[in-house]
Amino acid sequence: MQSVVSYPDRGPWGNNRYRGNCSGYLIKDLIEQFHIKNMSDYMVGGGTTEDVCRDMRIPGTFLDLNRGFDMMNMDIPDRPESIFWHSPYDRAVVYSGNMYDADEVDRKYGIDCRANDLSRCRDWDEFVKKMNYCMLKQFTALQPGGYMFSLVGDIKKNGQLYSMISDIVKPGKTINILIKLQHHCTSDSFTYSNNNFIPIVHEYVLISKKEKGFIIPISMTVRRTMDMRDSLNTTWRDTVHAVLEQYGRSMTLNEIYEELGPHKKAKANPHWKEKIRQTLRDGRYFKRVSEGTYQAA
Ligand SMILES: C[S@@+](CC[C@H](N)C(=O)[O-])C[C@H]1O[C@@H](n2cnc3c(N)ncnc32)[C@H](O)[C@@H]1O
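Okay, so the sequence shown: first residue is 0 according to numbering that gives the first Met the number 0, each after it adds one.
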């Protein structure tokens with residue numbers, strides 16, 4: 000195995016009509032590479048992992064919402080040596096009620112499968128919360144020394160990238176992040192009118208290992224904003240420019256002082272007013288409109 004993998008053929012395993020299914024060759028290669036003796040998949044979808052494991056005589060537990068197992072509400076039923084996890088990619092493919100009859104599953108198992116289906120989240124934030132809950136629930140169920148293989152992808156919506164690999168919580172020791180080339184995607188047949196658009200043709204396999212004990216290192220993405228007016232690391236040129244851009248018009252010196260004066264950058268410099276005046280005199284970036292009034296050049 001190398002860090003880039005490509006399986007144009009998905010092999011004979013699982014239901015090839017189950018949308019978003021993955022190639023069984025990936026699972027086979029992971030089992031061989033890591034000498035896996037036991038593997039479970041609790042979002043087994045169309046059964047790819049189950050079929051590969053049966054052929055390779057690897058025991059495991061194979062569940063899914065479509066089989067009445069709701070990971071958001073139910074416990075992982077065992078302590079597996081390894082887990083293959085292929086979550087929905089937000090709403091890229093909606094499963095309950097689409098890939099299987101949700102009412103029938105609800106009746107049969109007494110659950111409400113649409114409510115906790117990871118492919119039916121309201122927005123990206125809810126999806127990330129649920130995805131990370133599922134990650135930690137599965138990872139903590141692993142035996143010490145166990146491996147978690149998480150197949151994740153990126154989604155592009157309204158010109159913005161929503162990246163599972165950057166937003167997924169990464170518990171334990173990260174062993175590798177593989178790039179898996181994608182084949183036979185629905186989007187392959189699209190033509191894109193926006194020529195800045197770069198189609199996504201890969202996914203990732205995050206490979207994590209669990210050590211023993213109750214202290215688990217985790218790394219996760221936290222979203223914050225920075226206020227340039229409070230930053231000691233940005234230049235006066237960029238900060239004053241940003242104030243003028245924010246208002247989108249020329250401003251008087253007093254207006255600029257009022258905007259910056261109460262903030263950390265100005266408070267850290269006893270000569271902040273002189274600094275602003277000196278900055279505004281740089282004709283490459285600023286233009287004097289009239290006495291004491293400036294705009295971005
Ligand atoms: C990408 S598919 C898995 C495809 C599978 N690897 C295959 O090859 O067929 C994701 C699966 O997650 C399941 N799922 C979504 N939310 C779930 C939940 N809360 N509990 C258990 N399974 C869930 C969906 O029913 C779907 O089958």
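Every residue, glycine too, gets a C-beta built ideally from N, C-alpha and C.
Asked	Found
I'd like to know whether the C-beta atoms of leucine 252 and glycine 282 end up nearer to each other than 9 Å.	no
According to DSSP, simplified to helix, strand and coil, what is lysine 209?	coil
By how many angstroms is the C-alpha of glycine 44 removed from the C-alpha of arginine 18?	9 Å
Does at least one heavy atom of ligand 1 sit under 8 Å from the Cβ of tyrosine 41?	yes
Are there 16 or more other CB atoms within 10 angstroms of the CB of asparagine 65, so buried, or fewer, so exposed?	buried
Can you tell me the Cβ-Cβ gap for tyrosine 132 and methionine 225, rounded? I've got them flagged as a contact below 8 Å.	The Cβ separation is near 28 Å, so there is no contact.
If you pair each beta-carbon of the stretch 3 to 11 with each one of the stretch 161 to 180, do three or more pairs fall below 8 Å?	yes
Whole angstroms are fine: how far does the CA of proline 58 sit from the CA of glycine 23?	16 Å
Could you tell me how far apart the beta carbons of leucine 310 and valine 221 are, in whole angstroms, since I believe they sit closer than 8 Å?	The chain is shown from 0 up to 296; residue 310 falls before or after that span and cannot be answered.
Does the stretch 131 to 146 touch the stretch 160 to 173, meaning 3 or more C-beta pairs lie closer than 8 Å?	yes
Work out the CA separation of alanine 91 and lysine 272 for me, nearest whole Å.	52 Å
To the nearest angstrom, how far is it from the Cα of lysine 156 to the Cα of glycine 67?	31 Å
Return the Cβ separation of leucine 141 and proline 79 in integer angstroms, given the expectation that the two are a contact with Cβ distance under 8 Å.	6 Å
Cutting at 7 Å between CB atoms, please list the residues of its own chain near asparagine 14, excluding the five before and the five after it.	Asn20, Gly45 and Gly46
With a threshold of 8 Å, establish whether the CB of histidine 85 neighbours any heavy atom of ligand 1.	yes
Buried or exposed for tyrosine 246, going by 16 or more other Cβ atoms inside 10 Å?	exposed
Let me check understanding here. Comparing Cα to Cα, which of Cys120, Pro11 and Val288 lies closest to tyrosine 87?	Per the sequence shown, the amino acid found at residue 87 is proline instead of tyrosine. Of the candidates Cys120, Pro11 and Val288, the one whose C-alpha sits nearest the C-alpha of proline 87 is Cys120.
Would you call histidine 85 buried or exposed, if buried means 16 or more other Cβ atoms sit within 10 Å of its Cβ?	buried
Taking 9 Å as the cut-off, decide whether the C-beta atoms of methionine 147 and isoleucine 206 are in contact.	yes
In the DSSP assignment, the beta strand (DSSP E) including serine 289 goes from what residue to what residue?	285 to 289
Given the structure, does methionine 70 come close to ligand 1, in the sense that its CB is under 8 Å from one of the ligand's heavy atoms?	yes
Rounded to whole angstroms, what is the Cα-Cα separation between lysine 286 and asparagine 268?	24 Å
Is it buried or exposed, leucine 62, if we count other Cβ atoms within 10 angstroms and call 16 or more buried?	buried
Roughly how far, in whole angstroms, is the beta-carbon of phenylalanine 325 from the beta-carbon of aspartate 89, given that I think they are within contact range, below 8 Å?	With the chain represented from 0 up to 296, any question about residue 325 goes unanswered, as that position is not in the structure.
Determine the burial state of glycine 144: buried for a count of at least 16 other Cβ atoms within 10 Å of its Cβ, exposed for fewer.	exposed
Count the other CB atoms, across all protein chains shown, that sit within 10 Å of the CB of alanine 265; report buried if there are 16 or more and exposed otherwise.	buried
Can you tell me whether serine 218 is helix, strand or coil according to DSSP?	strand
With the cut-off set at 9 Å, would you say methionine 38 and serine 81 are in Cβ contact?	yes
Where does phenylalanine 83 fall in DSSP's three states?	strand
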